[in-house]
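To start, the structure under review is shown below, and the notes come after it.
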Amino acid sequence: MDRATSDLAVETHGLTKRFGARTALDGVDLRVPRGCAFGFLGPNGAGKTTMIRTLLGLTHASAGSMWVLGHPVPAERAQALTRVGAIVEEPRFHPHLSGRENLALVAAVRGAHTAARIDPALARVGLRERADERVKSYSMGMRQRLGVARCLLADPLLLILDEPTNGLDPAGIQEFREMIRAMVEHENRTVFLSSHLLDEVEKTCDAAAIVDRGKIVTQGPIAEISRGGDGARNELIVGADDVDSALRVLASSELVHEAARSDGGVRVVLNGAPETAAGVNAELVRAGVGVMRLEPVRHSLEQRFLEITARLDASSPEGEQAPEEVQA
Amino acid sequence: MTALALRMAGADFLKIRKKRSILIWALVLAFLPVIIFLVANGLEKESPHFSDGLNVLARLFGPLAAILIGVEAGTTDSSNGVLRDLIVTGRSRLALFASRIPAALALCWLVNISAYVLLAVGTVALTLSGTPAPGTALILNALGFTALTTGVVCVVAVGFSSLVDSKPGAIIALIAWQIVASPLIVAIESLGSARDGVLSQALTHFSPVRFEGGHRGGAILTMSTGTALLVVAAWLIVFVALGAWRTNTMDA
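Protein sequences, first through last, are from chains A and B.
Just so it is clear: in the first sequence, position 50 is 50 by our numbering, and no numbers are missing.
Numbers in our numbering are just positions in the second sequence, counted from 1, shifted up by 328.
Shown next as structure tokens:
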């Protein structure tokens, strides 16, 4: 397989990182498609930052293989990182230097052509006016923006952001989200965003992987993960004029796996695809039940995340669980 | 030096030059003893002894200024948490380490040679008529000696601080070595020729003036030029290698 032209921005196979007896990453197989915002979601201590640090060569992998933008890492680390911008943990700078000087330091290391990108990068993140102030006077939000400006010096095909909204106020979070979406949608960059905030990933990302205790539990498009993949349950809330009759009809229907009273209606688990809902409606109408609403149950990523992590908690201490893969 | 290496060294120079606290302390350490030396001689209406001034700057206080600058260059990236941001550019860690050395040397020499110029000019100006002033050859040789002692200590400080990765730890250890441990070791005669391994003693061998034993700064050992060269080279190679190894292998 020619990985240089691969559709994947990041690919890992069996990536493992051990710190002494502790395994921080345990055979991670990750596939991050190009041109999307990809969430790397997991509770604190799940291995998110270790994954990022390993990908970027800040720490060495104990086992496994990885490719960044088609280049094997660490063998071709320099070429791989040429078009990668990253913020690992919080963005850090030399506090006694100005924002512009901090960017100039990185530009000097990246190469001669990079200095020309300093002003556009500062303008892009809205820091041009304050670029000559010392960084120690910057707020957390300004530092985050300067961190993104530093990433933009690479004209990155891939941005790796570790918990990027930490310390931002709601307006800052919204602004950050819009900036990430614009980078993906208008500039065709790939954004790999680690977070423990489900809402952030759900609102910002197109696809995600859920990691827990160093293992990928599931990965794929957000909607599919939320729904639970191909084998997921399709559920409906049926509003009827006669809930008891509706419950009776639905309980005996072959289209229905499970039916139970719920919030003034009936919660139905379908046996088939979501389109089966039309058949359910027809059966109710034929039985003389007035159908007032048929509402697909929208599964949130949060709900799915909690289901998965609860399942892991209930399983063995080793977390022996086959990872799921959901397809679009 | 390639254009890239020059740019990287320039960036490192900017980091340490703009660190006011370090720069002020380095300037104080280099200039204040020279000023005190010149003023004291002026008040006593005596011609200053150039060798005394050189001893104060090149053997005692200049190396301390060099330690501050070298340690700052060796640790500023990691202590400010930006080493990882430089590593993720894809640039080799060895190149990142190597660029610290010319940057530190440039600032170290800027400070110490400025202080030396003050010392030389002040000594000549304060020399009373009838007393021989230091000649041009001596002034130039002493300039080289000052550059050598401060430069070597500065490079060792870059390597050592990169190795221990702790600014306060490196400063304390190096200054303690320079002003406490080295004179003590040299004073222990039972150590014999092992004392030749003390860096300040090897550097003193290259002085254009003769510092007498019991001079301020402790006893003076005599050794061959070959031994002195070997000792200086060993200090440089060992600490540069250790600093490079640590920068290359540490988790950032």
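Every residue gets a Cβ at the ideal spot worked out from N, C-alpha and C, and that includes glycine.
### Query
For the stretch 125 to 201 of chain A, which segments carrying the beta strand (DSSP E) assignment without a break, of at least 3 residues, lie completely within its bounds, in sequence order?
Contiguous beta strand (DSSP E) elements confined to the stretch 125 to 201 of chain A occur at 158 to 162 and 190 to 195, taking only those with 3 or more residues.
### Closest by C-alpha distance to Cys-565/B, when choosing among Leu-424/B, Gly-487/B and Asp-340/B
Note that residue 565/B corresponds to Ile in the displayed sequence, not to Cys. It is Gly-487/B.
### Task
Just grab the DSSP bridge partners of Ser-490/B for me.
According to the DSSP secondary-structure assignment, Ser-490/B is paired through a beta bridge with no residue.
### Pairwise C-alpha distance: Gly-463/B and Met-277/B
As displayed, chain B neither begins before 329 nor continues past 580, which places residue 277/B out of reach and without an answer.
### Query
So is Leu-25/A buried or exposed if we call it buried at 16+ other beta carbons inside 10 Å?
With 16 or more other Cβ atoms within 10 Å, it is buried.
### chain A residues whose Cβ lies nearer than 7 Å to that of Ala-580/B
For Ala-580/B, the residues of chain A that pass the 7 Å Cβ criterion are Leu-58, in the order they occur in the chain.
#### Entry: Secondary structure of His-543/B, DSSP reduced to three states
Low local confidence applies: a pLDDT of 49 at His-543/B is under 50, so the model's placement there is unreliable, with the coordinate-based value given in what follows. In this structure, His-543/B counts as coil in the three-state DSSP scheme.
### Task
Report yes if the CB atom of His-294/A is closer than 8 Å to the CB atom of Ala-277/A, and no otherwise.
According to the sequence displayed, residue 294/A carries Leu and not His. Result yes, Cβ atoms of Leu-294/A and Ala-277/A sit closer than 8 Å.
### Top-ranked residue by Cα proximity to Thr-204/A, from Thr-218/A, Glu-185/A, Asp-212/A and Thr-114/A
That would be Glu-185/A, whose Cα lies nearest to the Cα of Thr-204/A.
### Task
Would you verify that the beta carbon of Phe-395/A is, or is not, closer than 8 Å to some beta carbon of chain B?
Outside the displayed range of chain A (1 to 328) lies residue 395/A, so it cannot be described from this structure.
### Task
Show which residues of chain B have a CB atom less than 7 Å away from the CB atom of Glu-101/A.
Under the 7 Å cutoff, chain B gives Leu-342.
### Query
Where does Glu-89/A fall in DSSP's three states?
Glu-89/A carries a coil assignment under DSSP once its states are collapsed to helix, strand and coil.
### Message
DSSP three-state label for Lys-17/A, please.
### Response
DSSP places Lys-17/A within a strand segment (E or B) once states are collapsed to three.
### Supposed contact pair Pro-361/B and Leu-342/B - C-beta distance, whole angstroms, cut 8 Å
The beta-carbon separation of Leu-342/B and Pro-361/B, rounded to 28 Å, does not stay under the 8 Å limit for a contact.
### Message
Measuring only the C-alpha atoms, how far is Gln-327/A from Glu-283/A?
### Response
For Gln-327/A, the pLDDT reaches just 46, beneath the cut-off of 50, and the residue's location in the model is therefore unreliable, leaving the point undetermined.
### Query
So, is Thr-451/B buried or exposed, given that buried needs 16 or more other C-beta atoms within 10 angstroms?
That one is buried.
### Query
If you check the beta carbons only, do Gln-144/A and Pro-170/A fall under 8 Å apart?
Taking 8 Å as the Cβ cut-off, Gln-144/A and Pro-170/A do not qualify as a contacting pair.
### Task
Please determine, among Ser-262/A, Gly-264/A, Glu-235/A and Leu-270/A, the residue with the shortest C-alpha to C-alpha distance to Gly-252/A.
According to the sequence displayed, residue 252/A carries Ser and not Gly. Comparing Cα-Cα distances from Ser-252/A to each of Ser-262/A, Gly-264/A, Glu-235/A and Leu-270/A, the minimum goes to Leu-270/A.
### Task
Over the uninterrupted beta strand (DSSP E) stretch that includes Gln-506/B, give me the two end residues.
It is not in any beta strand (DSSP E) - Gln-506/B carries neither H nor E in the DSSP assignment.
### Query
Thinking C-alpha only, which one of Val-483/B, Thr-455/B, Val-356/B and Leu-334/B is nearest Thr-403/B?
With distances taken between Cα atoms, Thr-403/B lies closest to Val-483/B.
### Query
With DSSP run on the structure shown, which of helix, strand or coil describes His-260/A?
Residue 260/A is actually Ala in this sequence, not His. The DSSP-derived three-state label of Ala-260/A is strand.
### Task
Quick one: which residues of the stretch 188 to 215 of chain A get their C-beta closer than 8 Å to a C-beta of chain B? List them in chain order.
Correct list: empty, as no residue qualifies.
### Message
Quick check: the Cα distance between His-543/B and Trp-353/B, rounded to an integer number of angstroms?
### Response
Note on His-543/B: pLDDT 49, under 50, position unreliable in the model; the coordinate value appears next. Using only the alpha carbons, I get a separation of about 25 Å.
### Message
Tell me which residue opens and which closes the beta strand (DSSP E) that Ala-208/A is part of.
### Response
Here the beta strand (DSSP E) through Ala-208/A covers 207 to 212.
#### Entry: Sequence-distant residues of the same chain with beta carbon closer than 7 Å to Ile-308/A, five excluded per side
So the qualifying residues of the chain are Ile-210, Val-217 and Thr-218.
### Query
Hey, Ser-375/B and Thr-459/B are a contact pair by Cβ (cut 8 Å); roughly how many whole angstroms apart?
Correct: roughly 4 Å between the Cβ atoms.
### Message
Check whether the stretch 148 to 168 of chain A and the stretch 55 to 69 of chain A are in contact - that is, three or more C-beta pairs closer than 8 Å.
### Response
Touching, yes.
### Query
Interface residues of chain A around Asn-440/B at Cβ under 9 Å?
Correct list: empty, because the minimum Cβ distance to chain A is about 22 Å.
### Message
If contacts are defined as beta-carbon pairs under 8 Å, then Pro-43/A and Asp-7/A qualify, I think. What distance do you get, rounded to the angstrom?
### Response
Separation of the CB atoms of Pro-43/A and Asp-7/A is rounded to 29 Å, and the pair is thereby denied contact status at 8 Å.
### Task
Spatial neighbours of Ala-107/A within its chain, please: CB distance less than 8 Å, with the 5 preceding and 5 following residues excluded, ordered by chain position.
Thr-114, Ala-115, Arg-117, Ile-118 and Leu-153, listed in sequence order.
### Query
Mind checking if Thr-82/A is an interface residue toward chain B, Cβ cutoff 8 Å exclusive?
With 8 Å as the cut-off, Thr-82/A counts as an interface residue toward chain B.
### Message
Please state whether the Cβ-Cβ distance between Leu-396/B and Ile-499/B is less than 8 Å.
### Response
Judged by beta-carbon spacing, Ile-499/B lies within the 8 Å limit of Leu-396/B, meaning their Cβ atoms are closer than that value.
### Message
Within 10 Å of its beta-carbon, does Leu-392/B have 16 or more other beta-carbons around it, so buried, or fewer, so exposed?
### Response
Buried, because 16 or more other Cβ atoms sit within 10 Å of the Cβ of Leu-392/B.
#### Entry: Local conformation of Lys-343/B per DSSP, three classes
Judged by DSSP in its simplified three-state form, Lys-343/B adopts helix.
#### Entry: CB contact check: Asn-576/B to chain A, cutoff 8 Å
For Asn-576/B, the answer is no, since every Cβ of chain A falls outside 8 Å of its Cβ.
### Message
Going by the DSSP bridge assignment, what does Ile-548/B pair with across the sheet?
### Response
None, per the DSSP bridge assignment.
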